[in-house]
Ligand SMILES: NC(=O)c1ccc[n+]([C@@H]2O[C@H](COP(=O)([O-])OP(=O)(O)OC[C@H]3O[C@@H](n4cnc5c(N)ncnc54)[C@H](O)[C@@H]3O)[C@@H](O)[C@H]2O)c1
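Numbering (my numbering), first residue to last: 858 to 1120.
Rendered as structure tokens:
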């Protein structure tokens, strides 16, 4: 006989609680993200297209709805609802903000609402670290000079996840259209005692040519790296922000990685 179905209790989880739960767990989160990709590859997920809400009066802003269901031992359904308002940054608050709603597998009832900008940034950084590991292993030498192209929140998370999963670099280059943002990231690296020389590059070409691993984490709306010769030394490319590289500038060799989800 089937058990009587109970309505699950509902919890609201704050950003501070999420941060406490996730911090210093980069390796564990990266393993979890890998396991989730494997479940997805086995077909044990439902992942319909994202829905973009855009505004005629605020053309550079958007809110994206991303519904999904995952099986395995987790068996949970839900929705990420994530906003990108780039003008926030000038006002001193992060560009992206998000909530995640989780629904019970058996009853469909929502049982949690979690602040999700930290979850989203951690997941993004974990999958970048995972890609760096896989692509890095395929090379004769592991990259030792990383270049961060765009130095906002996601770049910081990616650096934290690379460091937390065993990467260290002889040199860390940074470049950003905003000199303040580049200087802020360089200052953060020095302040936290990150090993390696930190170099701020005024120009994008200089950053790319001096790096054997390049992390794109800008908010560029259209491709701005168009000259394939900048990538002639065949760096490992983590194209997290999706829109930086013009198709003809991409390497024909399997050394770059781009994601399809964004925030
Ligand atoms: N692929 C994914 O799953 C995923 C997930 C989350 C975020 N993202 C993407 O990551 C990117 C970064 O997000 P964030 O939260 O760090 O944003 P952010 O606004 O905090 O930082 C972006 C930085 O890029 C800089 N920038 C913009 N255009 C540039 C250019 N042409 N050259 C150099 N620097 C430039 C800005 O000055 C800013 O400092 C966004 O595009 C976001 O959509 C992707």
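All C-beta atoms, glycine included, are put in the ideal place defined by N, C-alpha and C.
Closer than 7 Å: residue i CB and nearest ligand 1 heavy atom
i            : result
residue 979  : no
residue 951  : yes
residue 1036 : no
residue 1009 : yes
residue 961  : no
residue 1071 : no
residue 1081 : yes
residue 1005 : no
residue 943  : yes
residue 1075 : yes
residue 888  : no
residue 946  : yes
residue 1032 : yes
residue 1099 : yes
residue 1012 : yes
Element boundaries [alpha helix (DSSP H), containing residue i]
i            : result
residue 1070 : Residue 1070 -> not in any alpha helix (DSSP H); beta strand (DSSP E) instead, spanning 1070-1073.
residue 897  : 883-898
residue 908  : It is not in any alpha helix (DSSP H) - residue 908 instead sits in the beta strand (DSSP E) that spans 908-911.
residue 1010 : 1010-1021
residue 1066 : 1061-1066
Selected residue, minimal CA-CA separation from residue i, among the options
i            : options              : result
residue 921  : 936, 1002, 1007      : 936
residue 896  : 1007, 1005, 878, 929 : 929
residue 902  : 996, 908, 924        : 924
residue 891  : 1014, 1102, 982      : 982
residue 999  : 1093, 943, 956, 1012 : 1093
residue 1085 : 1065, 878, 874       : 1065
residue 907  : 878, 962, 940        : 940
residue 1105 : 1081, 1095, 1097     : 1081
residue 1067 : 1006, 1076, 964      : 1006
residue 917  : 932, 898, 943        : 943
Helix, strand or coil at residue i [DSSP, three-state]
i            : result
residue 1099 : coil
residue 993  : helix
residue 875  : helix
residue 1094 : strand
residue 933  : strand
residue 938  : strand
residue 977  : helix
residue 864  : coil
residue 1035 : coil
residue 858  : Model confidence at residue 858 stands at a pLDDT of 49, short of 50, so the residue's coordinates are unreliable; what they give is reported in the following sentence. In this structure, residue 858 counts as coil in the three-state DSSP scheme.
residue 902  : strand
residue 1109 : Its pLDDT being 49, under 50, residue 1109 is placed unreliably in this model, and the coordinates cannot settle the point.
Beta strand (DSSP E) segment containing residue i, residue limits
i            : result
residue 927  : 919-927
residue 1030 : 1028-1032
residue 1004 : 1002-1006
residue 961  : 953-961
residue 998  : Taken as a continuous stretch (DSSP letters only), residue 998 belongs to no beta strand (DSSP E), as it is neither H nor E.
residue 967  : 967-972
residue 1057 : 1054-1057
Any non-hydrogen atom of ligand 2 within 7 Å of residue i CB
i           : result
residue 938 : Absence of ligand 2 is noted for the structure shown, with ligand 1 being the only ligands found.
| When the Cβ atoms of the region 883-899 are set against those of the region 981-989, are three or more pairs found closer than 8 Å? | yes
| query | Do the region 1009-1026 and the region 869-885 meet, that is, are 3 or more Cβ pairs less than 8 Å apart? | reply | yes
| message | Quick check: the region 1042-1060 against the region 911-927, are at least 3 beta-carbon pairs closer than 8 Å? | response | no
| field | Meets three-Cβ-pair contact criterion under 8 Å: the region 962-982 and the region 1029-1042 | value | no
| said: Using a Cβ distance threshold of 8 Å, determine whether the region 989-997 contacts the region 1026-1035, with at least three qualifying pairs required. | reply: no
| field | the region 1004-1020 touching the region 948-956, judged by at least three CB pairs closer than 8 Å | value | yes
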